[in-house]
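Scroll down for the structure; my scribbles are underneath it.
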Amino acid sequence: MTIRGVIVKPIHRVALSVLLIFSVVAVSCGSDDESESSVSQVTATTAAPAVTTAAPAVTTAAPAVTTAAPAVASDCDILDDPVIAMAGPVLAINPDGPGQNNLPSVQIFFATYDSLTNWAIPSDGEALTASLELGNAGTVEPQLAKSWDVSADGTVYTFNLHEGVMSDAGNEMTAEDVKWSLEKAIASAATGAFWGFVGGLLSGDQIEIIDDYTVQITLMAPEDKFLPVLGTGWLVIYDSIEAKSHATEEDPWAQEWLNQNSAGFGPYRVAEFGPGGDEVVLEARENYWGDQPTIQRVTQRSAPDAGARLQLLLSGDAVYSGELTTQGLDKAEETDGITVTRIPTTTGTFLALTYEPPFDDLAVRAAIAQAIPYQDIIDVTFGGKAELWDSILAPVVPGYDNRFFRGYDIDAAASVLGDLDADLTLSYAEGLPVDEEVAILVQSSMKEAGFDLKLNKMPRAQFDGAKYGRTGEVQFFVNAIDAPAFFDAGYYTSIYGAATGFLNWFGYGSADLDAAMAALIDPSTRDQALLDVQEIYANDYAIHPIAWTGLKYAHSSCLEIPKAVTGNGLINIQDFVPVG
């Protein structure tokens, strides 16, 4: 592999047997405490590596970006001190802390930290479709690593670091920071560890300091996701000198201090962290090593109500408002001076259902699927601007095939659900009106099938804690946020269904699926395996897919959003580009 300009085209595949060894080692070495069980969880998702060489059975072109007319230049004074409105408070700014999967928190630590690489997904739908046809999804660019060399066998990466990169505390980045940071992610057994395992980084023993500005990472097998995962936004590089100065014997990685303080080499510093994280102010760092962000100061404000977020945008009091309803996005699109950018991400809406009896019965799971009013949800919740998600693979993923989809059949659903003597509660988070609309429509349809489905709206932080913590507090929930980061059949099937995949919410497991995922690796068996994994998911319902939406971003027409960070549509404040 060589670097051509700033774009790297990954070419290697994972050896499944080696990754299975990794999983066994990681699990057997862990203790029985909660954090170690999280490690087991993330290691298992690596058992089904990505392969993107086969031609897709059905290809759906990614929709193009939708834009409104740009605002006139005189309206763009809003960029002098802009506000971003998000659907909740910042829980923490530590990538390994309690806000690791909380979007308002992610937005902040993405802005304050840099990584060795930067992974970018184009916002242009045609460009994304073209890249998928070539077996790629976006580009990997150098960031804190100015370049890298890869051994002939694809297992040894030697990263050459930029010199003179200073943190906000005034410490220069060295290879020691890289090693400490990656070891912190692994030890934390959180989202960063998950990404490390996906990329084949399981232990600090794989990381070797060559000199102050050179670090070497050795994988057990070639892994085409290694460079992208380094740039996802969780495997960040810390100022280890500053972080370690706040460590204690009980907290050797300074997690508590990092929850509300940044110690990175990114473009912004946290200037103010308001009570409860309701308002966080970012300021551009004067000593940032790279190009200065075009927005020098930005305030992120919590606005849990979607209507309030929309009004902040429409009134000019915010330049960007996240997680709006379909109706809100339509209103924004009709408003002068507002642009709606659609990035064809992997994002879709699905339901996740417990496997506790009687919901482990495949006939019951199928009946629930047949009671989902798919078209009503697409028409009402998404205003007809979503596509039926009728396979475990989203329609944009190479290899997608919908031949096994049962679809809506209320009579078939009633024949099972009408006689079901069990309690079931569908949970969703407050502040997410799309999720609430889906829940209400599903409840109404299941009532028509003779089943009394209860609903439970939960505070966002409580819901996220129960969902990601697998606490057992929720047995059935709506999810319109979590999505695979790669447009890849192997990754999709492993993240939702490998033994304890990161999005395998209720411990689904299938020997048939494991065998089919293994068969994805061999080009001679891949085409049949693509059909097999989709048929298995269609029978077992590890999740209940509903609608593929991509993501829409409503923002001032003074701004452009040229790219996302990952396939599931996360964005960087520092990537906002003023128009003109």
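Each residue of the sequence shown is one higher than the one before, starting from 11 at the first, in the numbering used here.
Here a beta-carbon is modelled for each residue, glycine too, at the ideal position from N, C-alpha and C.
Since the model is a prediction, treat every value here as computed from it, not as a measurement.
query: Taking its Cβ as the centre, do 16 or more other Cβ atoms sit within 10 Å of Thr127, making it buried, or is it exposed?; result: buried
query: Rounding to the nearest angstrom, what Cα-Cα distance links Ala81 and Pro92 in this structure?; result: The predicted model places Ala81 with a pLDDT of 39, which falls under 50 and marks its position as unreliable, so this point remains unresolved.
query: Would you call the segment 478 to 496 in contact with the segment 533 to 551, where contact means no fewer than 3 C-beta pairs closer than 8 Å?; result: no
query: I need the straight-line Cα distance from Asn578 to Thr242, nearest angstrom please.; result: 10 Å
query: DSSP three-state label for Leu183, please.; result: Before going further, note that residue 183 is Met rather than Leu in the sequence given. Three-state result, Met183: coil.
query: Of all the beta strand (DSSP E) runs that stay within the bounds of the segment 188 to 266, which reach a length of 3 or more residues?; result: 217 to 221 and 224 to 228
query: Thinking C-alpha only, which one of Gln584, Gly590 and His256 is nearest Gln306?; result: Gln584
query: Do you know offhand how far Trp205's Cα is from Leu320's?; result: 33 Å
query: Counting only the same chain and skipping the five closest in sequence on each side, list residues whose C-beta sits under 8 Å from that of Leu569.; result: Leu89, Val329, Tyr330, Thr349, Phe586, Val587, Pro588 and Val589
query: Since Ile348 is in the beta strand (DSSP E), which residue starts that stretch and which ends it?; result: Ile348 to Ile353
query: Using 10 angstroms around the beta-carbon of Pro368, count the other beta-carbons present and answer buried if the total reaches 16, otherwise exposed.; result: exposed
query: Quick one: what does DSSP say Asp429 is sitting in, helix, strand or coil?; result: coil
query: Where Ala424 and Gln270 are concerned, what is the direct C-alpha to C-alpha distance, given to the nearest angstrom?; result: 51 Å
query: Can you tell me which of the three DSSP states Ala564 falls into?; result: strand
query: According to the neighbour-count rule (16 or more other Cβ atoms, all chains shown, within 10 Å of its Cβ), is Glu186 buried or exposed?; result: exposed
query: Reducing DSSP to helix, strand and coil, say where Asp421 ends up.; result: helix
query: Less than 8 Å between the beta carbons of Asp163 and Pro114, yes or no?; result: no
query: Taking the beta carbon of Pro591 as the centre, do at least 16 other beta carbons fall within 10 Å, making it buried, or is it exposed?; result: Given that the chain is displayed from residue 11 to residue 590, the structure contains no residue 591 and the question cannot be resolved.
query: Spatial neighbours of Thr576 within its chain, please: CB distance less than 7 Å, with the 5 preceding and 5 following residues excluded, ordered by chain position.; result: Trp129, Ile131, Thr242 and Ala495
query: Is it buried or exposed, Pro469, if we count other Cβ atoms within 10 angstroms and call 16 or more buried?; result: exposed
query: Whose C-beta lies closer than 6 Å to the C-beta of Tyr167 among residues of the same chain, with five residues either side of it excluded?; result: Trp158, Val160 and Ile227
query: Measure from the alpha carbon of Thr606 to the alpha carbon of each residue in Lys562, Leu101, Val488 and Asn112, then state which is nearest.; result: Outside the displayed range of the chain (11 to 590) lies residue 606, so it cannot be described from this structure.
query: Could you give the DSSP three-state label for Phe516: helix, strand or coil?; result: coil
query: Please list, in chain order, all residues of the same chain as Ala432 whose beta carbon is under 6 Å from its beta carbon, the five residues on each side excluded.; result: Pro368
query: Indicate the three-state DSSP secondary structure (helix, strand or coil) for Asn7 in the structure shown.; result: Since the first and last residues shown for the chain are 11 and 590, residue 7 lies out of range.
query: Would you call Arg413 buried or exposed, if buried means 16 or more other Cβ atoms sit within 10 Å of its Cβ?; result: exposed
query: Name the DSSP beta bridge partners of Ile556, please?; result: Bridge partners of Ile556: none, in fact.
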